[in-house]
Amino acid sequence: QVSIVKGQYQSVESLEIEENGTIVYLKEFGEVKVFKKHFKNGMLRFYILFDKENKDLRETDKTLFTLLKTTHWIIECYHRALKQLCGINKFIVRKSEAILTHFFSSLRAFIKLELMRANELIDNWYQLQRELSIEVNRNFILEQINLKLSA
16 QVSIVKGQYQ SVESLEIEEN GTIVYLKEFG EVKVFKKHFK NGMLRFYILF DKENKDLRET
76 DKTLFTLLKT THWIIECYHR ALKQLCGINK FIVRKSEAIL THFFSSLRAF IKLELMRANE
136 LIDNWYQLQR ELSIEVNRNF ILEQINLKLS A
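Position in the sequence shown counted from 1, then plus 15, gives you our numbering.
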């Protein structure tokens, strides 16, 4: 629930939100700026921006919001790649030194992937994983075929 006038709350969907965002009061939270994004498939998504010191909230426009949203998405992709490709969250060690070694190794693996992408050795972070999976699956299938033929 949000309100333009303090105390008169309504749903975000019912608000008229300007292109450069609209400042509202978020119930039990405080002043925030709401942005609205229309997607090609007709979906509508609302984003809330909060500034702890309330300095730049009124000056934040659509351009800055788009930059913040893009930066946020890049960070999300980085975290997803660290988990899915570098296994940062998959370890079975308890000692601090082993945990730090695992984190370091995962970060190093990601940096290696990023350097390969930057040097155009791969198109994206997931290409290497896909190619390895295809190769392993291919070898397994051929091995199974050979076993059946020789039996």
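A virtual CB, placed ideally from N, CA and C, is assigned to each residue, including glycine.
Taking a contact as a CB-CB distance under 8 Å, the pair LEU72 and VAL49 does not count as one, their CB atoms being some 11 Å apart. With respect to the 8 Å criterion, ILE103 and SER121 are classified as neighbours on the basis of their beta carbons. Non-local C-beta neighbours of ILE114 in its own chain, meaning closer than 8 Å and more than five positions away in sequence, comprise PHE106, VAL108, ordered along the chain.
Residues of the same chain with a CB within less than 7 Å of the CB of GLN144, apart from the 5 flanking positions on each side, are LEU100 in chain order. Going by C-alpha positions, VAL20 is about 38 Å away from HIS94. In the same chain as TRP140, and ignoring 5 residues on each side of it, the C-beta atoms closer than 7 Å to its own belong to ALA96, LEU100, LEU128, ARG132, in chain order. For the region 103 to 134, the full-length alpha helix (DSSP H) segments reaching 4 residues or more read 111 to 133 along the chain. Between LYS51 and ILE38, the beta carbon gap of about 14 Å keeps them out of contact (Cβ cut-off 8 Å).
ASP138 and ILE126 have their C-alpha atoms roughly 15 Å apart. Pairing PHE65 with GLY36 gives a Cβ-Cβ distance that is not under 8 Å. Contact annotation, ILE63 with LEU41: C-beta distance approximately 7 Å; criterion of less than 8 Å satisfied.
Between LEU157 and GLU28, the alpha-carbon positions lie close to 56 Å from each other. Counting C-beta atoms within 10 angstroms of its own C-beta, VAL47 has 16 or more neighbours from the protein chains shown and is therefore classed as buried.
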